[in-house]
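One line per chain: the protein sequences are X and L, in this order.
Each residue of the first sequence is one higher than the last, beginning at 1 in my numbering.
Each residue of the second sequence is one higher than the last, beginning at 1 in my numbering.
All C-beta atoms, glycine included, are put in the ideal place defined by N, C-alpha and C.
One structure below.
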Amino acid sequence: MRYFLRRLLLTVPVLLGVATLVFSLLHLVPGDPAQAMLGEGATPAEVADLRARLGLDQPIYRQYLRFMGGAVRGDLGRSFRTKQPVGEAIVERLPATVELAVSAMVVAVLVAIPLGIVAAVHAGRWVDHTATTSALIGISVPAFWLGPLLAIVFSVSLGWFPVSGRGTLAHLVLPAITLGAPLAAVLTRITRASVLEELGEIYVVAARARGASRMRAIVGHAVRNGLIPIVTVVGLQTGAVLTGAVITETIFAWPGVGRLLVQSIGFRDYPLVQGCILFIAAAYVSMNLLVDMAYGFLDPRIRYE
Amino acid sequence: MLKGGLSIVVLAVLASVVGPWLVDADPSRQQLALRLAPPTWAHPFGLDELGRDILARILSGGRISLAVAVVVVSVSGLVGTTLGALAGYFGGRVDEVVSRVIDVLLAFPGLLLAIALVAVLGPSLVNVLLALTVIGWVGYARLVRGHALRARELEYVQAARAMGATPFRILVRHVVPVALPSVVVQSSLGMAGAVIGEAALSFLGLGVQPPTPSWGSMLSGGRAHILDAPHLTLFPGVAIAVLVLGFNFLGDGLRDWADPKRHA
Numbered sequence: 001m002r003y004f005l006r007r008l009l010l011t012v013p014v015l016l017g018v019a020t021l022v023f024s025l026l027h028l029v030p031g032d033p034a035q036a037m038l039g040e041g042a043t044p045a046e047v048a049d050l051r052a053r054l055g056l057d058q059p060i061y062r063q064y065l066r067f068m069g070g071a072v073r074g075d076l077g078r079s080f081r082t083k084q085p086v087g088e089a090i091v092e093r094l095p096a097t098v099e100l101a102v103s104a105m106v107v108a109v110l111v112a113i114p115l116g117i118v119a120a121v122h123a124g125r126w127v128d129h130t131a132t133t134s135a136l137i138g139i140s141v142p143a144f145w146l147g148p149l150l151a152i153v154f155s156v157s158l159g160w161f162p163v164s165g166r167g168t169l170a171h172l173v174l175p176a177i178t179l180g181a182p183l184a185a186v187l188t189r190i191t192r193a194s195v196l197e198e199l200g201e202i203y204v205v206a207a208r209a210r211g212a213s214r215m216r217a218i219v220g221h222a223v224r225n226g227l228i229p230i231v232t233v234v235g236l237q238t239g240a241v242l243t244g245a246v247i248t249e250t251i252f253a254w255p256g257v258g259r260l261l262v263q264s265i266g267f268r269d270y271p272l273v274q275g276c277i278l279f280i281a282a283a284y285v286s287m288n289l290l291v292d293m294a295y296g297f298l299d300p301r302i303r304y305e
Numbered sequence: 001m002l003k004g005g006l007s008i009v010v011l012a013v014l015a016s017v018v019g020p021w022l023v024d025a026d027p028s029r030q031q032l033a034l035r036l037a038p039p040t041w042a043h044p045f046g047l048d049e050l051g052r053d054i055l056a057r058i059l060s061g062g063r064i065s066l067a068v069a070v071v072v073v074s075v076s077g078l079v080g081t082t083l084g085a086l087a088g089y090f091g092g093r094v095d096e097v098v099s100r101v102i103d104v105l106l107a108f109p110g111l112l113l114a115i116a117l118v119a120v121l122g123p124s125l126v127n128v129l130l131a132l133t134v135i136g137w138v139g140y141a142r143l144v145r146g147h148a149l150r151a152r153e154l155e156y157v158q159a160a161r162a163m164g165a166t167p168f169r170i171l172v173r174h175v176v177p178v179a180l181p182s183v184v185v186q187s188s189l190g191m192a193g194a195v196i197g198e199a200a201l202s203f204l205g206l207g208v209q210p211p212t213p214s215w216g217s218m219l220s221g222g223r224a225h226i227l228d229a230p231h232l233t234l235f236p237g238v239a240i241a242v243l244v245l246g247f248n249f250l251g252d253g254l255r256d257w258a259d260p261k262r263h264a
């Protein structure tokens with residue numbers, strides 16, 4: 001229990017730091033942020049009005065306290081362009097992003113774990129070389145190329161899936177593969193390494209000596225233990241998936257939080273930019289916390305370190 | 001793997017340094033009559049939406065990618081190694097501050113902070129370098145800090161201290177060299193990361209501004225013509241993937257090569 005509480009408490013300063021950094025983003029805008037948002041043609045009265053609405057006319061410590069207080073309550077201000085509360089705009093887009101992220105992770109796990117196991121069992125043979133090489137290629141191919149490439153083949157040439165948008169299951173296929181591919185590549189490597197290590201352990205040899213079949217020794221013993229680090233990696237890769245979602249949603253016009261971020265950058269809608277960044281980072285920190293806790297739960301040794 | 005990676009990287013460097021002189025085409029010259037023309041002998045990679053030679057643009061964009069990678073990795077490697085070594089060796093308040101900053105920066109997944117920084121600072125090559133360095137140094141710092149923590153307890157380091165060596169001398173002569181192999185591996189992987197980072201930011205319209213060619217913005221330009229001219233998307237993507245693969249191979253190869261278990 002103390003481990004979990006301590007881990008939870010360690011997250012608080014990190015979140016404070018993240019929020020402080022996000023707060024300072026607005027003050028990194030060269031010149032006057034209000035002027036930048038309104039463009040060159042704005043009258044001084046309009047600029048002054050927006051400055052007041054953003055709280056930029058207040059002393060900096062007031063602005064900071066207001067921002068932090070709002071962030072704690074989930075009040076991230078209003079969009080400069082649509083006047084919609086930032087929190088509301090994010091929550092509206094959230095289901096699309098969660099749907100995409102979860103599908104990508106499912107795709108990755110379904111491909112990577114069997115592939116990694118097969119590669120480990122046949123280590124050093126051609127199956128292994130093929131799997132590890134394709135994994136390295138998978139890590140190297142950027143989403144903003146893989147996505148359009150998949151679209152060229154499966155939407156344009158074959159006409160199997162729509163090029164963009166969200167709605168049916170068919171819309172989900174290409175974005176999920178695009179976002180899942182790098183994750184699958186990482187997972188394949190980890191699964192292979194982890195299972196390979198377990199295969200050499202004495203208990204696997206012992207299982208074989210007791211008369212367990214090769215299959216049973218691999219699946220029932222080596223893979224079962226090898227999966228613990230894999231669970232962690234899946235969790236820790238949430239960060240990569242969230243960043244990948246920004247790109248993938250842009251490619252496929254997927255109406256999620258990532259696309260909202262890119263669009264609000266285009267409109268210089270800084271409150272919305274800050275909100276999206278803060279939200280994604282907070283989601284990532286929480287996910288890491290959950291992974292750590294799950295890990296402490298799965299492996300009691302961690303709790304006593 | 002090491003040789004494969006090294007060959008790809010050397011070829012890429014040669015191609016982008018010497019290539020623009022060998023290929024007799026100006027990357028910004030527009031031939032509007034030939035816009036979106038598919039590959040021919042005269043233009044092996046075809047022409048883009050403004051009738052510019054894609055091969056020439058890829059070679060010239062390669063200079064940007066490699067330059068970004070070299071600058072980002074050098075600066076973040078230097079800053080990260082210095083701060084990591086100081087934090088790990090001295091511990092105490094220095095370590096406390098550096099570690100908290102690392103924690104906060106690592107709380108932003110991947111490129112997100114870089115996207116945020118360039119979004120507010122404004123799109124430009126300098127801001128791309130700045131943003132990628134801000135997120136880049138953390139990896140080196142964490143790595144070197146770990147090595148420095150362990151090195152502090154090593155007997156020859158304690159002996160050096162007992163003999164009156166200055167902290168600066170101990171850090172430079174005894175602590176940093178221990179971490180160097182890992183830093184070299186991390187740098188190779190960091191080059192891959194910087195190439196992808198620059199391309200991703202340019203793809204989102206936050207990187208190098210037109211007409212300067214960048215692989216990321218070329219891909220972004222190709223999106224509108226994915227139906228009628230897929231070669232706009234194909235070639236810049238191949239360029240990115242091959243260069244990144246080269247750096248990843250090199251990094252993996254170096255890691256295997258530096259692994260003492262392998263030689264045992």
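Counting only runs that start and end inside the segment 163-222 of chain X, the alpha helix (DSSP H) elements of at least 4 residues fall at 169-199 and 202-209. According to the DSSP assignment, F4/X belongs to the alpha helix (DSSP H) that extends over R2 to L28. For L47/L, the pairing in a beta bridge is given by DSSP as D53/L. For L56/X, none of the residues of chain L pass the 8 Å Cβ criterion, the least Cβ distance being about 14 Å. Interface annotation, A131/L: not in contact with chain X, CB-CB separation never under 8 Å. Setting aside the 5 residues that flank it on each side, A19/X is surrounded in the same chain by M68, A71 and L278, each with a C-beta closer than 7 Å to its C-beta; the list follows chain order. Annotated three-state conformation of P20/L is helix, per DSSP. Between F90/L and H231/L, the gap from beta carbon to beta carbon reaches 8 Å or more. In terms of Cα proximity to F23/X, the closest of C276/X, A176/X, M293/X and V98/X is C276/X. Annotation for L113/L: L105, A131, V134 and I135 place their beta carbon closer than 8 Å to its own, counting only its chain and skipping 5 residues before and after. Residue state for R29/L is assigned as coil, using DSSP reduced to three classes. The beta carbon of M287/X sits closer than 7 Å to those of G235 and T238, all from its chain and outside the five residues before and after it, given in chain order.
Between the C-alpha atoms of A160/L and V176/L there is a straight-line separation of about 14 Å. Nearest Cα to I177/X within the set A222/X, V195/X, T250/X and G147/X: G147/X.
Two segments are said to touch when three or more pairs of C-beta atoms, one from each, lie closer than 8 Å; by this definition the segment 186-194 of chain L does not touch the segment 208-220 of chain L. For I90/X, the closest C-alpha among the options G256/X, S140/X and P59/X is that of G256/X.
Residue environment for M105/X: buried (at least 16 other C-beta atoms within 10 angstroms of its C-beta). Within the same chain, A119 and H122 come within 6 Å of D128/X by CB-CB distance, once the 5 residues on both sides are set aside. According to the DSSP assignment, Q263/X belongs to the alpha helix (DSSP H) that extends over V257 to G266. Close to P109/L, with beta-carbon spacing below 8 Å, are these residues of chain X in chain order: T238, G239, A240, L242, T243, I280, A281 and Y284. Here G138/X is near P182/X, since their CB atoms are less than 8 Å apart. Contact residues of the segment 234-246 of chain L toward chain X are G237, I240, A241, V244 and L245 (C-beta to C-beta distance below 7 Å).
Here W145/X is buried. Its C-beta has 16 or more other C-beta atoms within 10 Å. Judged by beta-carbon spacing, I8/L lies beyond the 8 Å limit of L219/L, meaning their Cβ atoms are not closer than that value. It is roughly 21 Å from the alpha-carbon of A85/L to the alpha-carbon of V71/L.
The three-state reading of DSSP puts P85/X in strand, counting E and B together. When Cβ-Cβ separations below 8 Å define contact, S134/X makes no contact with chain L. At a Cβ-Cβ threshold of 8 Å, A241/L and S157/X do not count as neighbours. Residue range H231 to A258 is occupied by the alpha helix (DSSP H) that includes H231/L.
Distance check between V195/X and each of L8/X, H171/X, R166/X and L227/X places L227/X closest, using alpha-carbon atoms only. In the DSSP annotation of this structure, the continuous segment of the alpha helix (DSSP H) that includes L129/L starts and ends at L125 to R152. Apart from the 5 residues on each side of it in sequence, L260/X sits with its Cβ closer than 8 Å to the Cβ of A89, I90, R93, L272 and C276 in its chain, given in chain order. In terms of CA proximity to I54/L, A239/L leads the group L243/L, I102/L and A239/L. In the DSSP annotation of this structure, the continuous segment of the alpha helix (DSSP H) that includes P44/X starts and ends at P44 to L54. Identification of residues in the segment 246-275 of chain X having a C-beta nearer than 9 Å to some C-beta of chain L yields V246, I247, T250, I251, L261, V262, S264, I265, G266, R268, Y270, V273 and Q274, given in sequence order. DSSP lists no bridge partner for R161/L.
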